[in-house]
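Chemist: Can you keep this structure in mind? I'll have questions shortly.
Protein chains: 2
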Amino acid sequence: MLYCCVRNVCKLKPSPCRVTLALQHTRRLCSAPPGEAVDQVRTLLELCVDRHYVSPGQPNTELLQRGMSCCYGPLGMELRRNLLQQWWLSVTGSTQQVFGINTLSSSKGTATDGLRIVESEQLKHILEQKELSNQQLLQKIQTLIQRSPSLRTGFLQGALEQFVPSLELVNRKLPFGLAETGLCFQPSDGSGCPAEVTQASLVWFCPPRTSSQWLDHWNRQRLKWWRKFALSPSDFSSSDVPEEELEEAASRGVRILYRFPWGQEPVETLWSRGSTELLHTHNGVRAKLQCRDGRKSVPHVISVTGNMDRGVMAFLSNSLQQLKKEDSKKKMLQRKVLKLHPVLAPVKVALDIGRGATVELRQVCDGLLQEFIEAKISTWPGYLETMPTSMEQLNTKYDEMGVLFTVVINENTLESGLLLVRSRDTTIKETKHISEIKSFLSTYISAADNL
Amino acid sequence: MLYCCVRNVCKLKPSPCRVTLALQHTRRLCSAPPGEAVDQVRTLLELCVDRHYVSPGQPNTELLQRGMSCCYGPLGMELRRNLLQQWWLSVTGSTQQVFGINTLSSSKGTATDGLRIVESEQLKHILEQKELSNQQLLQKIQTLIQRSPSLRTGFLQGALEQFVPSLELVNRKLPFGLAETGLCFQPSDGSGCPAEVTQASLVWFCPPRTSSQWLDHWNRQRLKWWRKFALSPSDFSSSDVPEEELEEAASRGVRILYRFPWGQEPVETLWSRGSTELLHTHNGVRAKLQCRDGRKSVPHVISVTGNMDRGVMAFLSNSLQQLKKEDSKKKMLQRKVLKLHPVLAPVKVALDIGRGATVELRQVCDGLLQEFIEAKISTWPGYLETMPTSMEQLNTKYDEMGVLFTVVINENTLESGLLLVRSRDTTIKETKHISEIKSFLSTYISAADNL
Numbered sequence: 007m008l009y010c011c012v013r014n015v016c017k018l019k020p021s022p023c024r025v026t027l028a029l030q031h032t033r034r035l036c037s038a039p040p041g042e043a044v045d046q047v048r049t050l051l052e053l054c055v056d057r058h059y060v061s062p063g064q065p066n067t068e069l070l071q072r073g074m075s076c077c078y079g080p081l082g083m084e085l086r087r088n089l090l091q092q093w094w095l096s097v098t099g100s101t102q103q104v105f106g107i108n109t110l111s112s113s114k115g116t117a118t119d120g121l122r123i124v125e126s127e128q129l130k131h132i133l134e135q136k137e138l139s140n141q142q143l144l145q146k147i148q149t150l151i152q153r154s155p156s157l158r159t160g161f162l163q164g165a166l167e168q169f170v171p172s173l174e175l176v177n178r179k180l181p182f183g184l185a186e187t188g189l190c191f192q193p194s195d196g197s198g199c200p201a202e203v204t205q206a207s208l209v210w211f212c213p214p215r216t217s218s219q220w221l222d223h224w225n226r227q228r229l230k231w232w233r234k235f236a237l238s239p240s241d242f243s244s245s246d247v248p249e250e251e252l253e254e255a256a257s258r259g260v261r262i263l264y265r266f267p268w269g270q271e272p273v274e275t276l277w278s279r280g281s282t283e284l285l286h287t288h289n290g291v292r293a294k295l296q297c298r299d300g301r302k303s304v305p306h307v308i309s310v311t312g313n314m315d316r317g318v319m320a321f322l323s324n325s326l327q328q329l330k331k332e333d334s335k336k337k338m339l340q341r342k343v344l345k346l347h348p349v350l351a352p353v354k355v356a357l358d359i360g361r362g363a364t365v366e367l368r369q370v371c372d373g374l375l376q377e378f379i380e381a382k383i384s385t386w387p388g389y390l391e392t393m394p395t396s397m398e399q400l401n402t403k404y405d406e407m408g409v410l411f412t413v414v415i416n417e418n419t420l421e422s423g424l425l426l427v428r429s430r431d432t433t434i435k436e437t438k439h440i441s442e443i444k445s446f447l448s449t450y451i452s453a454a455d456n457l
Numbered sequence: 007m008l009y010c011c012v013r014n015v016c017k018l019k020p021s022p023c024r025v026t027l028a029l030q031h032t033r034r035l036c037s038a039p040p041g042e043a044v045d046q047v048r049t050l051l052e053l054c055v056d057r058h059y060v061s062p063g064q065p066n067t068e069l070l071q072r073g074m075s076c077c078y079g080p081l082g083m084e085l086r087r088n089l090l091q092q093w094w095l096s097v098t099g100s101t102q103q104v105f106g107i108n109t110l111s112s113s114k115g116t117a118t119d120g121l122r123i124v125e126s127e128q129l130k131h132i133l134e135q136k137e138l139s140n141q142q143l144l145q146k147i148q149t150l151i152q153r154s155p156s157l158r159t160g161f162l163q164g165a166l167e168q169f170v171p172s173l174e175l176v177n178r179k180l181p182f183g184l185a186e187t188g189l190c191f192q193p194s195d196g197s198g199c200p201a202e203v204t205q206a207s208l209v210w211f212c213p214p215r216t217s218s219q220w221l222d223h224w225n226r227q228r229l230k231w232w233r234k235f236a237l238s239p240s241d242f243s244s245s246d247v248p249e250e251e252l253e254e255a256a257s258r259g260v261r262i263l264y265r266f267p268w269g270q271e272p273v274e275t276l277w278s279r280g281s282t283e284l285l286h287t288h289n290g291v292r293a294k295l296q297c298r299d300g301r302k303s304v305p306h307v308i309s310v311t312g313n314m315d316r317g318v319m320a321f322l323s324n325s326l327q328q329l330k331k332e333d334s335k336k337k338m339l340q341r342k343v344l345k346l347h348p349v350l351a352p353v354k355v356a357l358d359i360g361r362g363a364t365v366e367l368r369q370v371c372d373g374l375l376q377e378f379i380e381a382k383i384s385t386w387p388g389y390l391e392t393m394p395t396s397m398e399q400l401n402t403k404y405d406e407m408g409v410l411f412t413v414v415i416n417e418n419t420l421e422s423g424l425l426l427v428r429s430r431d432t433t434i435k436e437t438k439h440i441s442e443i444k445s446f447l448s449t450y451i452s453a454a455d456n457l
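Okay, here's the thing in structure tokens:
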């Protein structure tokens, strides 16, 4: 990684800072060198809060760091949206047959553990039955909870259930996949609130004899995808799951890992699961499940599950560059830039005004804003800001927000139609004509997408 | 509506059809004339199941009909995705300042009712404490459930909590809004499973003196939006909520209604809520909430909440046309077409092959498919289908799926580069050159978007 931040090991002083407590978690997780990692993470989390990627509050930043869904601010929300959109396009928009589905997040199963949804009204109703003995009340409560629907922990079960209705779509021909994204729930680790995770899931059905090749195929595809958006692609790697960590149903597993400052964590996991769970879901009725791959076999299942919240944290961490630079008074400063991939960056362009007749300049900006909105270019209307700010302060702010370009309209624009465009990545300011700016931005973003 | 289906009132015969039971629900809801409505709904639900909009099963189609999330098939999933995407663009992509946020779906509140998430492990743990009396066990269970997090029923509370961190973004200037979409949960109506609803929410903060105008503004905007995608826009209407139905906190309310075959139901609801809930959320600390609108007032809140699952059902219902037509043997047939708006239609184009050398034709199709995927045009690769089907059968199928265009490649294409494009809406077949087909489709879809 290109971090070149000030690296005084363990110079952390106790402070009421909102991320200090979250950092204790980092320290626990840290591999080496601890001080440096803590510094990096502190800087990143502070920036995420200040620049509206996540909502303030230590429990919140800690959730994100642990790879769980949290209260995202507008920029974090948009980043996750972009990430999910890209995941979806790459999985369902490939030439492989993948269909999107939607299943319910709660179901009445036979599971005895996990998270149950209990209607407190119903419980109240039971407890009000004064004529019952305590023993009877206990019995009734146990039954209530046993019969309550459980919250899903993943998308696998839903996809296995949808396998049969999907067979018609593909005329019983393998391979094909079912994709779904959304919230899943995991029991809490003591905090009392269940962990919410935004998962992206592909469940792939293939002939038994090629399941191993398919696992390799999807592993390559997914790793390539994660690396595509990274500033430093080698921070993403993939590794086989050791035999002792295999899930019960799985014969092989691969994890795609991201190297966080505190150590590696999985962002996506692939399992080769055989056909046991599929058979079990459909009560062992093989005839319903058989496909036309020459041998009438029951397909094998490969599950690919990404944690998109941890993905957000990975790309935030990966894209933060800290560079030393001189300010106008020759003072050494640290420049922090969130170099998010153009496709992921939540804000593509900021619109600001320089010197000149404010009313007219604002009108020009209004027009450009409208034009950008129509072209679906996400724009930050900086010119609506009423607090006076220097251009230097603005650039610092936009760099930390990860805004790709800053467009400045000034009195010159009113005369000649020329405006200034500053690039986040090169810091170079170019002069462009107002009529070409929209197509310049669109071309830049779609070129980055197709690289 | 343009329904011209066979209308034998009450000719329903008892059958094991998968939608019969769902129809009983329709009958209960039906306004007049009942038989006709039942026929319409039966036809619609059967088509939705047959064409992979919803998964088979009576409980499932009943959920959709009641405006709740259900197991969607690939086409329904994509339709809802398109609808949510359009809602999001229209609300956050307006020139009004609206920011997207993400809040958690469970929270530890002080609410005494609603849905609680209980970890069954914890309950088991309590019940295993043999040394406790039944009275003590009951006490412990009550405490466990009281302390369990509740599932959200809507996005309002989350947005009210995020008001303060968002103030910095807008420099304390009103008005602005916070938008969020996703799953919300409501207690069951006896079935035991909580209702899941895909909601789209805008919470708008404005100066008290203009709150009434803003309610009118958003009402107009939202009604215009629903009508934009409708085949028969007048089926959407808006109406003031009568005083006796107002929510406790609200001083005024408006509902946007859709006229289903069984009667009107709200697809979006707007409330003018004053500032009471906002103050309550922030413990009455007015100083934290005051904005710069000349009078340092605490903003008023307007909530706009759409039910996107009911929206899916509304557009499916609105777009189904049943037309009489003659087949090639002069027999009268019913043609069913799902005339979904080009922007909403889950599949924009189907790719099929006619007569000619199969291997070469498939190669051409592979190339076109790749081209369409890159242009993000959602494509149905009909040419991969291995069952022989007549062109007439294909057209019937694609019309019922709501596919905008069918492109047929045949031996002529190999020689001249010319292919046939059939339009769902006009049924006219045009000859086009293979090099212009992608841009033709893109232009058609974006033109429909900008109408």
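So the sequences go chain by chain: F and H. Numbering-wise, the first sequence is residues 7 to 457 according to my numbering. Numbering-wise, the second sequence is residues 7 to 457 according to my numbering. Glycine is no exception: its CB is placed at the ideal position from the N, C-alpha and C atoms.
1. Name the one or two DSSP bridge partners that residue 264 of chain H has.
2. Which of the three DSSP states, helix, strand or coil, is assigned to residue 289 of chain H?
3. At 4 residues or longer, and completely inside the segment 70-141 of chain F: list those alpha helix (DSSP H) runs for me, N to C.
4. Checking 7 Å against the spacing of the C-beta atoms, do residue 440 of chain F and residue 359 of chain F come in under that value?
5. Which residue comes first and which comes last in the beta strand (DSSP E) that contains residue 341 of chain F?
6. So with Cβ pairs under 7 Å, would you call residue 240 of chain F a contact of chain H?
7. Residue 327 of chain F to residue 177 of chain H, Cα distance in whole Å?
8. I want to know whether the segment 244-260 of chain H touches the segment 277-284 of chain H - three or more CB-CB distances under 8 Å.
9. Using a Cβ-Cβ cutoff of less than 7 Å, which residues in the same chain neighbour residue 239 of chain H once the five nearest sequence positions on both sides are dropped?
10. Identify which residue in H:382, H:362, H:444 and H:403 has its Cα closest to the Cα of residue 421 of chain H.
11. Tell me which same chain residues have a C-beta within less than 7 Å of the C-beta of residue 168 of chain H, skipping the five on either side of it?
12. Please determine, among F:41, F:42, F:44 and F:54, the residue with the shortest C-alpha to C-alpha distance to residue 325 of chain F.
13. Is residue 177 of chain H close to chain F? Criterion is C-beta to C-beta, closer than 7 Å.
14. With DSSP as the reference, identify every bridge partner of residue 210 of chain F, one or two as the case may be.
15. Kindly confirm or deny that the segment 128-145 of chain H and the segment 188-197 of chain H touch, where touching means at least three C-beta pairs closer than 8 Å.
16. Should residue 320 of chain H and residue 273 of chain H be called a contact, given that it needs their Cβ atoms to be closer than 7 Å?
17. Count the other C-beta atoms from every protein chain shown that fall within 10 angstroms of the C-beta of residue 376 of chain H, then say buried if there are 16 or more, exposed otherwise.
18. In the structure shown, what three-state DSSP assignment does residue 253 of chain F receive?
19. So does the segment 287-306 of chain F actually touch the segment 331-350 of chain F, counting three or more Cβ pairs closer than 8 Å?
20. Going by DSSP, name the residue or residues bridged to residue 164 of chain F.
21. Identify, in the order they occur along the chain, each residue of the same chain with its Cβ nearer than 7 Å to the Cβ of residue 296 of chain H, setting aside the five sequence neighbours on each side.
22. With residue 357 of chain F and residue 389 of chain F assumed to form a contact (beta carbons below 8 Å), what rounded beta-carbon distance in angstroms separates them?
23. Report back the beta-carbon spacing between residue 313 of chain F and residue 205 of chain F to the nearest angstrom; my notes put them in contact at under 8 Å.
24. For the segment 75-109 of chain F, list every residue whose C-beta sits within 8 Å of some C-beta in chain H, in sequence order.
25. Provide the residue(s) that pair with residue 259 of chain H in DSSP beta bridges, ordered along the chain.
26. For chain F, is any of its Cβ atoms less than 7 Å away from the one on residue 310 of chain H?
27. For residue 394 of chain H and residue 94 of chain H, what's the separation of their Cα atoms in angstroms?
28. Tell me whether residue 368 of chain F sits in a helix, a strand or coil according to DSSP, three-state version.
29. Considering only their Cβ atoms, is the gap separating residue 454 of chain H from residue 408 of chain H smaller than 7 Å?
30. Report buried or exposed for residue 68 of chain F, applying the criterion of at least 16 other Cβ atoms within 10 angstroms of its Cβ.
31. Below 9 Å on C-beta distance, what does residue 155 of chain F contact in chain H?
32. Nearest-angstrom Cα distance between residue 86 of chain H and residue 50 of chain F?
33. Check the DSSP bridge columns for residue 43 of chain F and list the partner residues they point to.
34. Please report the straight-line C-alpha distance between residue 31 of chain H and residue 182 of chain F, rounded to a whole angstrom.
35. DSSP has residue 355 of chain F in a bridge; who is on the other side?
36. When DSSP builds the beta bridges, which residues end up paired with residue 428 of chain H?
Modeler: In terms of the structure at hand:
1. By 1-based counting over the second sequence, the position of residue 264 of chain H is 258. DSSP output for residue 264 of chain H lists H:242 and H:271 as bridge partner(s).
2. Here residue 289 of chain H refers to the residue found at position 283 when the second sequence is read from its first residue. Note: residue 289 of chain H maps to coil in three-state DSSP.
3. 80-98 and 126-133
4. By one-based count along the first sequence, residue 440 of chain F stands at place 434. By one-based count along the first sequence, residue 359 of chain F stands at place 353. In this structure, residue 359 of chain F does not lie closer than 7 Å to residue 440 of chain F by Cβ.
5. Sequence index remark: in the first sequence, residue 341 of chain F carries index 335 (1-based). 338-344 is the span of the beta strand (DSSP E), which, as asked, contains residue 341 of chain F.
6. Residue mapping note: residue 240 of chain F aligns to position 234 of the first sequence, counting from 1. For residue 240 of chain F, the answer is no, since every Cβ of chain H falls outside 7 Å of its Cβ.
7. Locating residue 327 of chain F in the first sequence gives position 321, counting from the first residue. Locating residue 177 of chain H in the second sequence gives position 171, counting from the first residue. Whole-angstrom Cα-Cα distance: 28 Å.
8. yes
9. Counted from its first residue, the second sequence places residue 239 of chain H at position 233. Taken in chain order, the residues that qualify are 233.
10. The residue labelled residue 421 of chain H in the question sits at position 415 within the second sequence. The shortest Cα separation from residue 421 of chain H among H:382, H:362, H:444 and H:403 belongs to H:362.
11. Looking up residue 168 of chain H in the second sequence gives position 162. Correct list, in chain order: 107, 109 and 184.
12. The count along the first sequence starts at 1 and reaches residue 325 of chain F at position 319. It is F:54 whose Cα lies nearest to the Cα of residue 325 of chain F.
13. Here residue 177 of chain H corresponds to residue number 171 of the second sequence, with the count starting at 1. By this cut-off, residue 177 of chain H is an interface position.
14. For the purposes of this step, residue 210 of chain F is taken as the residue at position 204 of the first sequence. DSSP, once it has assigned bridges, lists F:183 and F:308 as partnering residue 210 of chain F.
15. no
16. In the second sequence, counting from the first residue as 1, residue 320 of chain H sits at position 314. In the second sequence, counting from the first residue as 1, residue 273 of chain H sits at position 267. A contact, by the Cβ cut-off of 7 Å.
17. As a first step, residue 376 of chain H must be located in the second sequence, where it is residue number 370. It is exposed - the Cβ of residue 376 of chain H has fewer than 16 other Cβ atoms within 10 Å.
18. For the purposes of this step, residue 253 of chain F is taken as the residue at position 247 of the first sequence. Note: residue 253 of chain F maps to coil in three-state DSSP.
19. no
20. Numbered from 1 along the first sequence, position 158 holds the residue referred to as residue 164 of chain F. Paired residues: none, contrary to the question.
21. Numbered from its first residue, the second sequence carries residue 296 of chain H at position 290. Once the five neighbours on either side are set aside, the close Cβ partners of residue 296 of chain H are 302, 303 and 304.
22. As a first step, residue 357 of chain F must be located in the first sequence, where it is residue number 351. As a first step, residue 389 of chain F must be located in the first sequence, where it is residue number 383. 5 Å between Cβ atoms; contact.
23. Here residue 313 of chain F corresponds to residue number 307 of the first sequence, with the count starting at 1. Here residue 205 of chain F corresponds to residue number 199 of the first sequence, with the count starting at 1. The pair is a contact, with the Cβ atoms about 6 Å apart (cut-off 8 Å).
24. 75, 76, 77, 78, 79, 80, 82, 83, 84, 86, 87, 95, 99, 100, 101, 103, 105, 106, 107, 108 and 109
25. For the purposes of this step, residue 259 of chain H is taken as residue 253 along the second sequence, with counting starting at 1. Answer is H:277.
26. As a first step, residue 310 of chain H is located in the second sequence; it is residue number 304 there, counting from the start. Judged by the 7 Å Cβ criterion, residue 310 of chain H is not in contact with chain F.
27. Stepping through the second sequence from its first residue, residue 394 of chain H is reached at position 388. Stepping through the second sequence from its first residue, residue 94 of chain H is reached at position 88. Each residue's Cα considered, the two are about 41 Å apart.
28. If you number the first sequence from 1, residue 368 of chain F lands on position 362. Looking at residue 368 of chain F - three-state DSSP - the assignment turns out to be helix.
29. Your numbering for residue 408 of chain H matches position 402 in the second sequence. Your numbering for residue 454 of chain H matches position 448 in the second sequence. No, the pair does not count as a contact, with Cβ atoms beyond the cut-off.
30. For this step, residue 68 of chain F is matched to residue 62 along the first sequence. By the neighbour-count rule (16 or more Cβ atoms within 10 Å), residue 68 of chain F is buried.
31. Residue numbering aside, residue 155 of chain F sits at position 149 when the first sequence is read from its first letter. Neighbours of residue 155 of chain F on chain H, chain order: 194, 198, 199 and 200.
32. What you label residue 86 of chain H is simply residue 80 of the second sequence in a count that begins at 1. What you label residue 50 of chain F is simply residue 44 of the first sequence in a count that begins at 1. Going by the C-alpha atoms only, they are around 36 Å apart.
33. Translated into positions along the first sequence, residue 43 of chain F becomes position 37. Answer by DSSP bridge pairing: none, since residue 43 of chain F is not bridged.
34. For the purposes of this step, residue 31 of chain H is taken as the residue at position 25 of the second sequence. For the purposes of this step, residue 182 of chain F is taken as the residue at position 176 of the first sequence. Bear in mind that a pLDDT of 48 at residue 31 of chain H, under 50, signals an unreliable position, so the number given afterwards is only what the model happens to contain. If I take the Cα positions, the gap works out to 36 Å.
35. On the first sequence, residue 355 of chain F is found 349 positions in, with the first residue counted as 1. F:385 and F:411.
36. Residue numbering aside, residue 428 of chain H sits at position 422 when the second sequence is read from its first letter. H:412 and H:435, per the DSSP bridge assignment.
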